[in-house]
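In this note's numbering, the protein residues as written are 292 to 496. Cβ coordinates follow ideal geometry from the N, Cα and C atoms, glycine included. Since this is a predicted model, take the numbers as computed values, not measurements. The next block holds one structure in the form of structure tokens; read it before the comments.
And the structure:
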């Protein structure tokens, strides 16, 4: 039995916000000045250790162009984590995050962990941190600010996402354990009641 937990992650956001750069910085710890636009979707994976536990991120980098949006539900419907990326220098991409959230709320998993990432923070910001945090609060999401070029916040984002994944796992395991214990108690109580009824029948009539 593998001790490595695997989770599916999907990167969403308008074209040009730096989704591929974010993935490349996380996986390769490097930066590409200019890359080709993603066609459809691209896949990479990376395993990290969090408090001694291995977590494998299976990451789908999706295209931001309008012509590919019809196929994107194939990637985010069963994703445990959705990273919604915008360019802090581009207000339109920030507004685009709201549309991505609308899609996720309509077609994404109810228990999905959603993260808003304000990328390219090495540049002048036309979208403030307060705007990003407020949007995250509105959608019950997590907010991070990153720069793939200057290597700011990228690794920390994935580590904190991983910590949240393991925290939710512990809560779920605790809930299941409590449910099983409760069911076991009910079963024992029911058996004892049946035994008493059978004993009473022996001494009556």
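Residue i versus residue j - alpha carbon distance
i           : j           : result
residue 360 : residue 463 : 33 Å
residue 276 : residue 393 : No answer is possible for residue 276: the residues shown for the chain start at 292 and end at 496.
residue 417 : residue 440 : 18 Å
residue 292 : residue 348 : Caution applies to residue 292, whose pLDDT of 43 falls short of 50 and renders its modelled position unreliable; the model cannot decide the point.
residue 376 : residue 340 : 24 Å
residue 437 : residue 397 : 28 Å
residue 430 : residue 363 : 20 Å
residue 329 : residue 305 : 11 Å
residue 399 : residue 369 : 7 Å
residue 461 : residue 426 : 28 Å
residue 366 : residue 318 : 19 Å
Buried versus exposed call for residue i [16 or more other C-beta atoms within 10 Å across all chains shown]
i           : result
residue 320 : exposed
residue 387 : buried
residue 496 : Bear in mind that a pLDDT of 47 at residue 496, under 50, signals an unreliable position, so the number given afterwards is only what the model happens to contain. Exposed, by the Cβ-count rule.
residue 410 : buried
residue 423 : buried
residue 336 : exposed
residue 468 : exposed
residue 302 : buried
residue 435 : buried
Bridge partner(s) assigned by DSSP for residue i
i           : result
residue 353 : 332
residue 297 : 347
residue 499 : Since the first residue of the chain shown is 292 and the last is 496, residue 499 is not available in this structure.
residue 312 : Partner(s): none; residue 312 has no beta bridge.
residue 468 : None; residue 468 has no bridge partner.
Cβ of residue i within 8 Å of any chain C Cβ
i           : result
residue 466 : The chain labelled as chain C is not found in the depicted structure, where only one protein chain is given.
Whole-number beta carbon distance between residue j and residue i, since they are thought to touch under 8 Å
i           : j           : result
residue 373 : residue 352 : With 8 Å as the limit, residue 373 and residue 352 do not qualify as a contact, their Cβ atoms being about 12 Å apart.
residue 371 : residue 404 : 6 Å
query: Can you list, in chain order, the stretches of the beta strand (DSSP E) that have 3 or more residues and sit fully within the region 371-426?
result: 372-378 and 404-410
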